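Protein chains in written order, with the working numbering: chain A, 1486 to 1600; chain B, 8 to 118. Report on the following structure.
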Amino acid sequence: EAGVTQSPTHLIKTRGQQATLRCSPISGHTSVYWYQQALGLGLQFLLWYDEGEERNRGNFPPRFSGRQFPNYSSELNVNALELEDSALYLCASSLGQSSSTDTQYFGPGTRLTVL
Amino acid sequence: SQQGEEDPQALSIQEGENATMNCSYKTSINNLQWYRQNSGRGLVHLILIRSNEREKHSGRLRVTLDTSKKSSSLLITASRAADTASYFCATDAGAGNMLTFGGGTRLMVKP
């Protein structure tokens, strides 16, 4: 069974540009999560989508947004890129909404570099 | 902000030795999970322990949870060079399925 996949593997942008990152969950999983792993800041929760709806959002500005498609894949969009947005962006998926029992399985990540 | 703190931040051992990593957290939780990360790549899920459980085993891994002390430990027995990685604990406090991660322990297992 295929795991969580993310694309692209690497992405290089300049300040002010927009970045789009993509994630495909494990087959049968309806929840998709996005996390940012920036140097010195650790892993931080960004967004949670389930059944096409945004269910929870971390402490990030509105220029971080995303969506979930009917096939449960997801996009993360980062507008007006800043240097400090350089990070590894990790996507995870889980079976459903019950976080007390559902493990989040992570993809390999997209490394975003903002110059 | 990080919910947990991990101790030690770095650990270097010889192959065959046991490695113990500790995690402390601040709020009540539904569960605590341990993940492994190799060289800045994706996270590999190791084990999930629920708040009403005290100990779980998976192969060479043993996880304990003490909710009264708000702490957990991960023991890797008979370590191998392939265990070299960063290990993170993550807590789920039931607030919107958000996992809150500790800062991680960098484990190096020397052959």
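Beta carbons: idealized from backbone N, C-alpha and C, even for Gly. Please read all numbers here as calculations on a predicted model, not as lab measurements.
Cβ of residue i within 8 Å of any chain A Cβ
i: R43(B); result: no
i: Q16(B); result: no
i: G110(B); result: yes
i: R48(B); result: yes
i: N29(B); result: no
i: Q9(B); result: Interpretation of Q9(B) is limited by its pLDDT of 49, a score under 50 that renders its predicted location unreliable; no figure is taken from the coordinates.
i: G66(B); result: no
Other residues of its chain near residue i: CB distance less than 7 Å, five sequence neighbours each side excluded
i: Q1502(A); result: L1566
i: E24(B); result: S86
8 Å Cβ shell around residue i - same chain, five flanking residues per side excluded
i: E60(B); result: L72
i: N104(B); result: none
Closer than 8 Å to chain B by CB, residue i
i: S1516(A); result: yes
i: P1593(A); result: yes
Pairwise C-alpha distance: residue j and residue i
i: G1525(A); j: A1572(A); result: 10 Å
i: Q1589(A); j: T34(B); result: 20 Å
i: H52(B); j: R43(B); result: 7 Å
i: S1550(A); j: S78(B); result: 34 Å
i: G1581(A); j: D1535(A); result: 7 Å
i: V1517(A); j: R57(B); result: 21 Å
i: Y94(B); j: L1528(A); result: 12 Å
i: R69(B); j: K63(B); result: 6 Å
i: A17(B); j: W1533(A); result: 31 Å
i: S1509(A); j: R67(B); result: 31 Å
i: Q9(B); j: L106(B); result: A caution first: Q9(B) carries a pLDDT of 49, below 50, which makes its placement in the model too unreliable to give a value.
i: N37(B); j: N1564(A); result: 34 Å
CB contact flag (residue i, residue j, <8 Å)
i: D1587(A); j: S1579(A); result: yes
i: P1593(A); j: Q1491(A); result: yes
i: L1496(A); j: L1597(A); result: yes
Sequence-distant residues of the same chain with beta carbon closer than 6 Å to residue i, five excluded per side
i: M28(B); result: L81, Y94 and T112
My parser needs the beta strand (DSSP E) runs of 3 or more residues fully inside the stretch 48 to 94 of chain B; what are they? 50 to 57, 62 to 65, 68 to 73 and 78 to 83
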